[in-house]
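**Student:**
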Amino acid sequence: VLSSIVELRLDGNSIRVIPPGICRLKRLQELSMVHNELGGLCDELFRLPGLAMLKLDYNRIPDIPPAIERLGKTLSFLSLNHNPIRSLPLQLASLEALEIFQVSSRTLEPDLRWAYDLGLDTLLPFLKVWKTVPSTAQVRLSWNSSMAWEALAAVPYQIWRYGETVRAI
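Numbering (the numbering used here), first residue to last: 47 to 215.
1. What number of angstroms, rounded off, separates the C-alpha of Leu48 from the C-alpha of Arg62?
2. Can you tell me whether Arg236 is helix, strand or coil according to DSSP?
3. Whole-angstrom Cβ separation of Asp57 and Met79, contact assumed at under 8 Å?
4. With Leu138 and Ile114 assumed to form a contact (beta carbons below 8 Å), what rounded beta-carbon distance in angstroms separates them?
5. Ends of the beta strand (DSSP E) at Gln148?
6. Consult DSSP for Glu142 and reduce its assignment to one of helix, strand or coil.
7. My output table needs one value for Ser122: the three-state DSSP class, helix, strand or coil.
What follows is the structure, encoded as structure tokens:
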């Protein structure tokens with residue numbers, strides 16, 4: 047019976063690590079573990095062949111592992127709001143199916159070393175990478191206090207380069 051689970055919601059359970067059994071649910075398409083105490087993500091999670099939705103808001107996840115690129119063909123919704131995530135890995139650009147990405151965390155660092163020469167230290171480097179992901183329709187970077195909001199008072203011309211790909215910011 048467990049092998050046929052396609053949707054699993056474990057919200058609000060004080061879970062500290064992703065239970066190993068979840069990574070054996072080969073038909074799993076949607077996983078929600080909102081309001082837990084997850085301190086990180088195991089690479090095995092990114093081996094689930096059909097995972098399309100991953101909601102991990104309000105946990106203690108400090109980073110997004112590079113192994114996330116394994117979900118490039120299936121993951122369409124990724125929400126990591128209110129986690130102490132400090133940076134975004136380049137591997138996010140390999141998520142071809144991603145339509146909605148949310149990472150409102152208040153801790154996102156403006157130092158995205160793989161980006162260069164775009165004018166803003168934060169938003170534009172992120173969008174430059176996102177231009178390579180054709181399906182992304184929504185990117186939420188709200189409440190990241192370290193971002194240079196005063197620089198956004200006058201929206202720089204570079205942001206319009208990405209209008210074909212990103213439809214909502």
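Note that the Cβ used here is the ideal one computed from N, Cα and C, for glycine as well.
**Tutor:** Looking at the atomic coordinates:
1. Approximately 22 Å, taken between the alpha carbons.
2. Past the edges of the chain, shown from 47 to 215, lies residue 236, and the structure says nothing about it.
3. Their Cβ separation, rounded to whole angstroms, is 7 Å, which keeps Asp57 and Met79 in contact under 8 Å.
4. Contact annotation, Leu138 with Ile114: C-beta distance approximately 7 Å; criterion of less than 8 Å satisfied.
5. Run containing Gln148: Ile146 to Gln148, per the beta strand (DSSP E) assignment.
6. Per DSSP, reduced to three states, the secondary structure at Glu142 is coil, with no helix or strand assignment.
7. Look at Ser122 here: in three-state DSSP terms it is coil, with no helix or strand label.
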